[in-house]
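As structure tokens, the structure follows; a few thoughts come after it.
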Amino acid sequence: MESSKRVLISECEQYVGKEVVLKGWVKKIRQLGKVGFLLLRDRTGTIQCVLEQEQNQLKIETESVVQVTGVLVDTEKTANGVELQVRELTILAEAGPLPFEINKNHVKVGLDHLLNHRVLSLRHEQINAIFTIQSMFVKGFTEFLTTEGFTRIFTPKIVSQGAEGGANVFTFNYFDKHAYLAQSPQFYKQMMVGAGFERVFEIAPVYRAEEHNSSRHLNEYISLDVEIGFIDNVEEVMEMERRVLQYTFQYVKEHCPNQLDLLKVEIPVLNNIPKMTLEEAQQLLKDKYQKSSPEGDLNTEGEKYIGRYIKDKYGSDFVFITNYPRTSRPMYTMPNKENPALTDSFDLLYKGSEITSGGQRIHCQTELIESFKEKGLNPSEFTTYINSFAYGMPPHGGFGIGLERIIMKFLNLGNIREASAFPRDCDRLIP
Ligand code: ATP
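The numbering used here puts the first residue of the sequence shown at 2, with every later residue one more than the last.
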């Protein structure tokens with residue numbers, strides 16, 4: 002086998018007339034008399050390779066990994082205008098029988114089967130596009146926040162208490178103690194604001210021991226968490242979220258045109274996000290749709306109706322629902338000055354589904370201790386968090402976005418598991 006520098010398929014047009022080495026997977030192979038056609042795929046695309054005589058005698062299974070050496074020639078027969086006349090072909094790793102036919106425009110097997118054979122299903126162009134977009138989404142998000150003066154932080158996922166006070170947490174033995182898997186970086190991101198960073202963000206897994214198996218919940222998901230110090234009000238937090246999302250979607254548009262085309266999705270407009278209080282939303286559901294809502298929240302059906310209403314009225318895929326009551330928000334949420342039964346908090350709905358919770362936080366230590374007590378929580382169980390408010394904590398607020406949830410809505414996927422390479426749900430611990 003000759004060894005020379007590998008050329009990527011996307012670069013082939015620059016090498017017409019030259020001999021190159023390509024490496025990748027065999028997407029398809031077909032015989033036409035003495036000539037064989039091998040469609041080769043690498044991470045940048047596909048190319049037709051023409052096999053003659055002895056290479057054509059080789060028995061090659063699709064999805065095997067091969068190296069091909071040959072001359073690139075112009076052709077009108079292929080979409081990218083080039084093909085490779087193969088001189089030498091080497092099989093680097095043979096593929097065995099495939100559990101399903103992957104190289105079709107639309108794979109016709111169930112989601113479970115696709116997830117069970119993830120290494121194979123991820124090779125499909127459309128499935129692969131989901132994760133290329135996800136990667137660019139995170140990159141755009143990071144780029145915007147970094148230029149806005151945010152520091153990326155990394156906080157522990159093994160913790161001694163759950164951020165919301167104990168529900169839906171995974172517990173395990175940590176040497177001679179009990180520990181939890183973090184449900185959210187909430188306490189730590191606030192502490193990092195107070196530690197002098199002022200503006201922080203984290204992109205990391207969080208864990209929810211939710212027992213229901215729904216199409217929009219995972220037991221492990223990636224949370225895009227943001228916390229901002231020295232805010233005047235919760236409006237500033239919502240505006241920051243609007244701006245980071247606007248930038249991020251634009252970034253994806255610029256960096257993933259082919260993937261967006263393939264999945265036939267449009268970039269949302271985020272010039273202005275309509276706002277509605279929870280009370281207004283619940284009233285609207287009752288008056289216009291005769292739908293009742295749970296105490297202090299919207300249910301999945303309510304979110305759907307509100308999403309549709311906002312789309313029809315304002316043409317927006319997004320809507321902020323604001324001023325949730327204290328009873329339905331965590332103890333660290335800032336009460337509203339005019340009506341202390343409410344909070345300066347919000348959820349963001351995207352295409353009729355919640356993708357964010359956020360709000361202003363209490364920054365005064367005595368007020369925070371009171372709020373813990375009102376919620377029936379014992380402040381002495383949260384001493385590290387509460388103590389961090391004793392050394393000067395600026396007014397602050399922030400939000401958390403579920404990465405798989407927002408990608409699912411953006412790409413119109415039917416199930417959140419499609420937006421996770423290796424999803425964890427109540428039944429699934431492998432692969
Ligand atoms: P939901 O009402 O959808 O169960 P929540 O109110 O429990 O969500 P928060 O704790 O406020 O959610 O989390 C903030 C965001 O994190 C949500 O808006 C969503 O995008 C995401 N999220 C929450 N729980 C899950 C989950 N189990 N799986 C995937 N994403 C989640």
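Backbone N, C-alpha and C fix where the C-beta goes; we use that ideal spot for every residue, glycine too.
Here the structure is a predicted model, which means the values were calculated and not measured.
Within the DSSP secondary-structure output, Phe202 pairs in a beta bridge with Arg153 and Val227.
With a threshold of 7 angstroms, the Cβ atom of Glu355 counts as near the ligand ATP, since some heavy atom of the ligand is closer than that.
Distance from the CA atom of Leu219 to the CA atom of Gln247, rounded to whole angstroms, is 26 angstroms. Distances between the C-beta of Leu219 and the heavy atoms of the ligand ATP include at least one below 7 angstroms. Positions of the beta strand (DSSP E) runs, each at least 3 residues long and wholly inside the segment 290-365, are given as 319-323, 346-351 and 354-362 in order along the chain. With contacts defined by Cβ atoms closer than 8 angstroms, Cys50 and Leu59 do not form a contacting pair. By the neighbour-count criterion, in which a residue is buried when 16 or more other Cβ atoms sit within 10 angstroms of its Cβ, Asn413 is exposed. Taking each of Gly34, Glu95 and Glu20 in turn and checking the Cα distance to Lys28, the smallest one comes out for Glu95.
Taking C-alpha positions only, Thr249 is separated from Leu261 by approximately 14 angstroms. Between Asn234 and Asn174, the alpha-carbon positions lie close to 41 angstroms from each other. Straight through space, the alpha carbons of His125 and Phe188 are spaced by roughly 40 angstroms. Around the CB of Glu240, fewer than 16 other CB atoms lie within 10 Å, so the residue is classed as exposed.
Residue pairing by DSSP places Leu52 opposite Gly37 in a beta bridge. CA-to-CA, the gap between Phe142 and Lys305 works out to about 26 angstroms.
When rounded, the separation of the alpha-carbon atoms in Glu84 and Val74 is 6 angstroms. Only residues of its own chain outside the window of five on either side were considered, and among them Phe38 have a CB closer than 6 angstroms to the CB of Arg31, listed in chain order.
For Tyr222, the CB falls within less than 7 angstroms of some heavy atom of the ligand ATP. The nearest non-hydrogen atom of the ligand ATP is less than 7 angstroms from the C-beta of Ser358.
In the DSSP assignment, Gln86 falls within the unbroken beta strand (DSSP E) covering Val83 to Ala94. DSSP places Ala180 inside the beta strand (DSSP E), whose first and last residues are Lys178 to Leu182. Under the Cβ criterion (8 angstroms, minimum of three pairs), the segment 388-396 does not count as touching the segment 266-286. Following the DSSP letters along the chain, one finds Gln162 in no beta strand (DSSP E), marked with neither H nor E. The Cβ atoms of Leu378 and Met332 sit closer than 8 angstroms to each other.
The nearest non-hydrogen atom of the ligand ATP is 7 angstroms or more from the C-beta of Ile274.
The secondary-structure analysis by DSSP pairs Tyr208 across a beta bridge with Glu221. The beta carbon of Lys410 is closer than 6 angstroms to those of Tyr351, Lys352 and Ser354 in its chain, skipping five residues each way along the sequence.
The criterion of a C-beta distance shorter than 8 angstroms is satisfied by Thr45 and Ile10. Set against 7 angstroms, the gap from the CB of Ile402 to the closest heavy atom of the ligand ATP is smaller. One thing to note: Ala342 has its Cβ no nearer than 8 angstroms to the Cβ of Phe132. Leu52 and Glu20 have their C-alpha atoms spaced approximately 15 angstroms apart. When Tyr310, Gly71 and Phe171 are compared, the shortest CA-CA separation from Val17 is found for Gly71. Here Asn57 carries a helix assignment [DSSP, helix/strand/coil].
In this structure, the beta-carbon distance from Gly398 to Gly360 falls below 8 angstroms. For Glu211, the Cβ falls inside the 7 angstroms cut-off from some heavy atom of the ligand ATP. Closest in C-alpha terms to Pro432, from the list Lys105, Leu93, Val67 and Leu116, comes Leu116.
DSSP places Ile407 in the helix class (H, G or I) of the three-state scheme.
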